[in-house]
Amino acid sequence: MISKGLSGCSFGGRFYSLEDTWHPDLGEPFGVMHCVMCHCEPQRSRRGKVFGKVSCRNMKQDCPDPTCDDPVLLPGHCCKTCPKGNAQMQMCECVSVFLQMFRSLTKNYALFRNVYAFLPADFVAVLTGVTDSWLPSSSGVARARFTLARTSLTFSITFQRMNRPSLITFLDSEGNTAFEFRVPQADTDMICGVWKNLPKSHLRQLEAEQLRVSMTTADNKKEEIQGKIIKHRALFAETFSAILTSDEVHSGMGGIAMLTLSDTENNLHFILILQGLVPHGIPVRVKLLYRQHLLREIQANISADDSDFAEVLADLNSRELFWLSRGQLQISVETEGQNSRQISGYISGKRSCDTLQSVMSSGSALTPGKTGGVGSAVFTLHHNGSLDFQVLVAGLSSAVVGMTIEMKPRRRSKRSVLYDITADFSATEERGSGRALGSCGRVEARHIHMLLQNELFINIATAEQQESELRGQIRMLPYNGLDARQTELPVPLAGQFVSPPVRTGAAGHAWVSVDEQCHLHYEIVVNGLSKSEDTSVSAHLHGLAEIGEMDDSSTNHKRLLTGFYGQQAQGVLKDISVELLRHLDEGTAYIQVSTKMNPRGEIRGRIHVPNSCELGSRGEVVEEAEFDDLVFVRDPAELRKDPHTCFFEGEHHAHGSQWTPQYNTCFTCTCQKKTVICDPVICPALSCPHTIQPEDQCCPICDGEKLLREIQKVSCYFEGDQKMHAPGTTWHPFVPPFGYIKCAVCTCKGSTGEVHCEKLTCPPLTCSRPIRRNPSDCCKECPAEDTPPLEDDEMMQADGTRHCKFGNNYYQNSEHWHPRVPLVGEMKCITCWCDVSLSLLYFKFLLRTF
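Residue numbers (the UniProt record's numbering): 1 to 850.
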């Protein structure tokens with residue numbers, strides 16, 4: 001969900017947060033314009049609403065003059081430098097560039113730097129009743145944990161003594177709404193959500209602990225609880241937790257306890273964060289209880305200025321550890337003296353929206369191998385200490401004889417088996433496959449601690465590999481907003497599923513889902529991928545994730561999801577064909593991970609995602625991977641209020657957006673600050689002698705059998721104009737907001753479905769002073785000699801340069817003019833130009849909306 005009040009700038013089809021700086025990217029083959037720096041400047045309207053304004057400037061004028069005779073332009077630089085690594089010149093260039101980038105951020109530079117030094121980071125908030133709210137007081141208490149990764153803030157919230165909230169609101173330092181999250185209905189006390197693309201201003205406030213979070217209910221009580229989001233040093237080590245509430249109706253009272261066991265001793269470390277309990281410095285008692293029986297007690301003085309209180313309960317005995325694992329220990333905080341107040345809660349294993357999972361591969365076995373098999377496991381830890389598991393194995397060399405949960409062996413011959421779950425395994429009809437479904441009901445407190453610290457493993461033994469054929473670490477996979485993880489099992493990915501099978505030591509699993517807009521969400525976790533031995537490339541991809549159809553022509557229907565380096569890849573695919581959606585619905589699609597060692601696929605898995613997307617993907621056609629791109633979908637009501645919105649053909653369009661108009665599909669329109677600019681599709685010159693004009697295309701194509709055969713192959717999707725192009729066709733790339741680029745030609749490769757763009761080569765000129773007739777022209781020309789204008793009959797009979805006729809007038813090639821309409825006069829909102837290479841007359845419309 002994206003906040004309706006999200007402010008920023010839209011430029012070139014991408015959304016930028018306030019104060020973002022970037023070099024505009026014209027795409028292939030031009031790349032990034034390193035001499036142009038754009039900045040999303042925050043502006044404030046008369047009503048106080050903050051919005052963004054794009055400001056771009058050419059920095060080449062700031063380049064210092066090189067001191068050498070033969071300066072060079074290094075890749076990725078704007079200014080030329082001396083070739084022998086003149087440090088002073090390079091420093092001058094860096095200073096000139098970065099001063100422009102951070103000039104507007106000087107006042108907050110320290111905070112800005114700290115934000116990025118802190119990524120990724122964990123935060124926590126204690127939410128209690130609000131005393132100054134117009135809503136009734138609440139006895140509810142909630143604990144919210146936040147994880148910041150790049151610019152996305154995920155949150156896991158548990159609550160007690162209140163009904164399930166309907167709305168979560170993030171408030172900035174001035175109390176204004178920064179983001180709203182509507183809570184889906186569910187029969188649980190856990191809320192999972194994500195706030196994507198935080199603006200830099202909110203990132204700085206998050207780092208400075210100036211953001212607050214509020215939860216409100218929609219029932220008859222209309223309760224509200226609120227708390228401050230803070231950083232805390234104990235979050236990374238926490239394995240047990242408790243929410244502290246009061247039996248009395250005291251608004252604003254509550255707290256949380258974060259606990260962890262020592263690595264070697266049975267000492268229970270804890271930190272308390274309290275709200276509303278201690279008005280001033282008075283003694284308190286911290287008690288450890290079992291069924292209201294006092295086990296331990298600690299006395300301390302806590303002042304209202306203290307944000308937390310830390311202590312250690314040393315040497316827990318076996319009974320206390322048993323009760324801790326079962327969630328039966330209670331921690332209580334009580335003030336001393338008259339009118340004493342008390343809050344308490346039960347301790348259990350830390351709960352969150354993260355997923356306990358494991359990928360088992362033969363490359364991670366105790367004796368590493370390459371069998372092409374896979375194991376996939378998902379675990380659920382309950383409040384009472386029981387551990388549910390669902391394990392799936394496939395592609396094994398022989399029958400399973402052992403399935404165990406273990407510690408990391410101190411020595412290879414000395415394994416530490418904790419739980420044997422072989423009895424829960426049952427083989428399936430397919431050879432080398434099976435599943436285990438069950439629960440470990442007596443997980444010890446020490447093992448819960450190790451489980452939540454990613455210190456346990458799951459091992460699969462077979463008849464041929466009786467020690468270990470598959471093995472994987474049980475890891476906590478951080479929540480990222482993908483709801484499929486909460487309800488579905490992952491799809492196993494194995495080398496045995498590739499066609500033909502691959503004997504690899506790698507394995508993986510993937511979650512795949514299709515939402516209401518028919519966009520495909522995916523998350524892939526891999527283990528043991530083969531790494532390339534080519535060290536000549538400093539940053540090469542570890543793997544390429546693809547999706548395709550399992551039929552004879554699957555090689556022509558593969559789509560690249562994303563490239564990744566590491567063990568995880570995730571993203572959203574939003575331009576899915578109807579055919580691929582049908583294969584997903586029928587279960588005849590696959591996800592495949594390819595590497596340099598196995599470019600045709602190293603691991604693969606068959607996916608089945610039921611959907612009702614007969615018409616294909618709906619909404620904007622954009623691909624998102626690794627949270628890099630944000631699809632900025634504006635609310636229609638907010639769109640109408642935006643002063644920069646364009647109104648065209650009965651619809652509102654956001655500033656920076658682009659679309660194909662209804663009146664002519666051979667135009668591409670963009671909205672630039674209330675102005676609609678529609679550019680005609682510019683067709684590249686063809687070198688073939690005979691051309692044809694397909695009905696469904698804007699440009700003619702060569703009339704050849706080879707091209708006609710390629711039409712039957714897969715089409716290409718080009719991000720610039722957001723259109724599908726037939727195989728073998730060529731076009732000039734459209735790069736918003738600059739329009740069509742005549743200096744490049746793109747081609748759709750029919751065999752692979754890839755787009756290849758290359759620059760045009762300008763012909764050599766014989767004149768000394770060439771000119772560029774039109775700013776949009778790619779190549780310069782020699783100026784034409786002054787000749788007397790031709791009469792109409794001479795113009796028609798001339799064998800020289802061709803001309804265009806418009807009305808009763810003839811125009812030279814590349815000549816521009818505004819047409820005149822009788823009784824109206826000159827139409828300055830319409831610009832015409834003559835392009836004899838196309839033998840057509842084109843119009844460029846500049847339509848200003850009022």
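Glycine residues also receive a C-beta, built at the ideal position from the N, C-alpha and C atoms.
Self-check item: Opposing strand residues paired with L765 [DSSP bridges]
Solution: In the sequence shown, residue 765 corresponds to position 765, counting from 1. For L765, which the question treats as bridged, DSSP gives no partner whatsoever.
Quiz prompt | Supposed close pair residue 851, D575 - CB separation, criterion 8 Å | solution = Within the shown structure, residues of the chain are numbered from 1 to 850, placing residue 851 beyond reach of any answer.
Practice problem: Report buried or exposed for S657, applying the criterion of at least 16 other Cβ atoms within 10 angstroms of its Cβ. | Solution: Counting from 1 along the sequence shown, the entry for residue 657 is found at position 657. Looking at its Cβ environment, which holds 16 or more other Cβ atoms inside 10 Å, S657 is buried.
Quiz item: Alpha carbon to alpha carbon, what distance is there between Y419 and L381?
Solution: Here residue 381 refers to the residue found at position 381 when the sequence shown is read from its first residue. Here residue 419 refers to the residue found at position 419 when the sequence shown is read from its first residue. Each residue's Cα considered, the two are about 15 Å apart.
Self-check item: R640 versus F51 - alpha carbon distance
Solution: In the sequence shown, the residue the question calls residue 640 occupies position 640. In the sequence shown, the residue the question calls residue 51 occupies position 51. R640 and F51 have their C-alpha atoms spaced approximately 15 Å apart.
Practice problem: Determine the direct distance from the alpha carbon of T675 to that of W833, and round the result to whole angstroms. | Solution: Taking the first residue of the sequence shown as position 1, residue 833 is located at position 833. Taking the first residue of the sequence shown as position 1, residue 675 is located at position 675. Using only the alpha carbons, I get a separation of about 20 Å.
Exercise. Measure the CB-CB distance between I524 and L493 and report whether it falls below 9 Å.
Key: Your numbering for residue 524 matches position 524 in the sequence shown. Your numbering for residue 493 matches position 493 in the sequence shown. Cβ distance < 9 Å, so I524 and L493 count as in contact.
Quiz prompt | E586 (DSSP reduced to helix, strand or coil) | solution = Position 586 of the sequence shown, counted from the start, is the residue given in the question as residue 586. Residue state, collapsed to three classes: helix.
Exercise. Indicate the three-state DSSP secondary structure (helix, strand or coil) for R640 in the structure shown.
Key: Here residue 640 corresponds to residue number 640 of the sequence shown, with the count starting at 1. The answer is helix: DSSP assigns R640 an H, G or I state.
Self-check item: Residue environment, Q299, which counts as buried when at least 16 other CB atoms sit within 10 Å
Solution: Numbered from 1 along the sequence shown, position 299 holds the residue referred to as residue 299. Result: exposed.
Quiz item: Considering only residues of the same chain and omitting the five flanking positions on each side of residue 885, which have a CB-CB separation below 7 Å?
Solution: An answer regarding residue 885 cannot be provided, because it is not within the stretch 1 to 850 covered by the chain.
Quiz item: Name the DSSP beta bridge partners of V36, please?
Solution: As a working note, residue 36 is residue 36 in the sequence shown. Looking at the DSSP assignment, V36 forms a beta bridge with N58.
Practice problem: Please specify which runs of the alpha helix (DSSP H), each continuous and at least 4 residues long, are wholly inside the UniProt domain "CHRD" (358 to 479), giving them in chain order. | Solution: The UniProt domain "CHRD" (358 to 479) contains these whole alpha helix (DSSP H) runs: 445 to 452.
Quiz item: Which whole-angstrom value is the C-beta distance of T335 and V286, which I expect to be below 8 Å?
Solution: Residue mapping note: residue 335 aligns to position 335 of the sequence shown, counting from 1. Residue mapping note: residue 286 aligns to position 286 of the sequence shown, counting from 1. Under the criterion of beta carbons closer than 8 Å, T335 and V286 do not qualify as touching, at roughly 11 Å.
Exercise. Can you check the UniProt domain "CHRD" (236 to 352) for any alpha helix (DSSP H) of at least 4 residues that lies completely inside it and give the ranges in chain order?
Key: The UniProt domain "CHRD" (236 to 352) is shown to contain whole alpha helix (DSSP H) runs of 4 or more residues at 318 to 325, in chain order.
Quiz prompt | Every unbroken beta strand (DSSP E) inside the region 192 to 227 [3 residues or more] | solution = 212 to 216, all fully within the region 192 to 227.
Quiz item: Whole alpha helix (DSSP H) runs in the region 659 to 712 with 4 or more residues, listed along the chain?
Solution: The DSSP assignment places complete alpha helix (DSSP H) segments of no fewer than 4 residues inside the region 659 to 712 at 705 to 711, in order along the chain.
Quiz item: Considering only the beta carbon of each residue, do I607 and T504 sit closer than 9 Å?
Solution: By 1-based counting over the sequence shown, the position of residue 607 is 607. By 1-based counting over the sequence shown, the position of residue 504 is 504. Against a cut-off of 9 Å, the Cβ pair of T504 and I607 comes out as no contact.
Quiz item: Under three-state DSSP, which class holds M101?
Solution: Sequence index remark: in the sequence shown, residue 101 carries index 101 (1-based). With a pLDDT of 37 at M101, under the threshold of 50, the modelled position of that residue is not reliable, and no figure is offered here.
Quiz item: Taking C-beta to C-beta, are P643 and T147 nearer than 9 Å?
Solution: Residue numbering aside, residue 643 sits at position 643 when the sequence shown is read from its first letter. Residue numbering aside, residue 147 sits at position 147 when the sequence shown is read from its first letter. No, Cβ-Cβ distance for P643 and T147 is not below 9 Å.
Quiz prompt | Cβ-based neighbour list, I282, same chain, cut-off 7 Å, excluding 5 preceding and 5 following | solution = Working through the sequence shown from its first residue, we reach residue 282 at position 282. Take I282, set aside five residues on each side of it, and the residues of its chain with a beta-carbon closer than 7 Å to its own are T335, E336 and G337, in chain order.
Quiz item: According to DSSP, is W833 helix, strand or coil?
Solution: Your numbering for residue 833 matches position 833 in the sequence shown. Looking at W833 - three-state DSSP - the assignment turns out to be strand.
Quiz item: Taking C-alpha atoms, which residue in L686, D308 and R296 lies nearest to N317?
Solution: Here residue 317 is taken as the residue at index 317 of the sequence shown, counted from 1. Comparing C-alpha distances from N317 to each of L686, D308 and R296 shows the shortest one belongs to R296.
Self-check item: Of the residues K759, P783 and I347, the one placed nearest R769, counting alpha carbons only
Solution: Here residue 769 refers to the residue found at position 769 of the sequence shown. When each option's Cα is compared against that of R769, the closest is P783.
Quiz item: So, using beta-carbon positions, are S361 and L489 closer together than 9 Å?
Solution: The count along the sequence shown starts at 1 and reaches residue 361 at position 361. The count along the sequence shown starts at 1 and reaches residue 489 at position 489. Cβ distance not < 9 Å, so S361 and L489 don't count as in contact.
Quiz item: Mapping DSSP to helix, strand and coil, what is L111?
Solution: Here residue 111 refers to the residue found at position 111 when the sequence shown is read from its first residue. Here L111 scores only 33 on pLDDT, less than 50, and its place in the model should not be relied on; the value that follows carries that caveat. It is helical.
Quiz prompt | Given 8 Å, three or more beta-carbon pairs between the region 753 to 761 and the region 690 to 706 | solution = At 8 Å Cβ cutoff, the stretches do not touch.
Practice problem: Would you tell me roughly how many angstroms separate the C-alpha atoms of S156 and K828, rounded to the nearest one? | Solution: The sequence position of residue 156 within the sequence shown is 156, counting from 1. The sequence position of residue 828 within the sequence shown is 828, counting from 1. One C-alpha to the other measures close to 57 Å.
Practice problem: In angstroms with no decimal places, state the Cα-to-Cα distance between A125 and S468. | Solution: In the sequence shown, counting from the first residue as 1, residue 125 sits at position 125. In the sequence shown, counting from the first residue as 1, residue 468 sits at position 468. Rounded to the nearest angstrom, the two C-alpha atoms are 44 Å apart.
Quiz item: Is there contact here, the region 166 to 173 with the region 246 to 260, by at least three beta-carbon pairs under 8 Å?
Solution: Fewer than three beta-carbon pairs drawn from the region 166 to 173 and the region 246 to 260 are found closer than 8 Å, and the two stretches are therefore not classed as touching.
Practice problem: Please work out which residues of its chain come closer than 6 Å, Cβ to Cβ, to G587, disregarding the five sequence neighbours upstream and downstream, and give them in chain order. | Solution: On the sequence shown, residue 587 is found 587 positions in, with the first residue counted as 1. Its chain contains H608 as the residues whose beta carbon lies nearer than 6 Å to that of G587, once the 5 sequence neighbours on both sides are disregarded; these appear in chain order.
Exercise. State the Cα-Cα distance for the pair I243 and Q292, rounded to the nearest angstrom.
Key: For this step, residue 243 is matched to residue 243 along the sequence shown. For this step, residue 292 is matched to residue 292 along the sequence shown. Approximately 17 Å between the Cα atoms of the pair.
Quiz item: With a CB to CB cut of under 6 Å and the five nearest residues on each side skipped, what residues in its chain are close to V537?
Solution: On the sequence shown, position 537 is the one that residue 537 refers to. Confidence at V537 is low in this model, with a pLDDT of 29, below 50, so the placement of that residue is unreliable and no value is reported for it.
Self-check item: G650 classed as buried or exposed, judged by whether at least 16 other C-beta atoms fall within 10 angstroms
Solution: Start at 1 with the first residue of the sequence shown, and residue 650 comes out as number 650. Its Cβ having fewer than 16 others within 10 Å, G650 is exposed.
Quiz item: So D354 and M476 are in contact, right, with Cβ under 8 Å, and what is the actual spacing, rounded?
Solution: Here residue 354 refers to the residue found at position 354 when the sequence shown is read from its first residue. Here residue 476 refers to the residue found at position 476 when the sequence shown is read from its first residue. In this structure, D354 and M476 form a Cβ contact; the two beta carbons are roughly 5 Å apart against a cut-off of 8 Å.
Quiz item: Nearest to N598 by CA position, among P689, P500 and Q568, is which residue?
Solution: Here the question's residue 598 lines up with position 598 in the sequence shown. A check of alpha carbon separations from N598 across P689, P500 and Q568 identifies P500 as the nearest.
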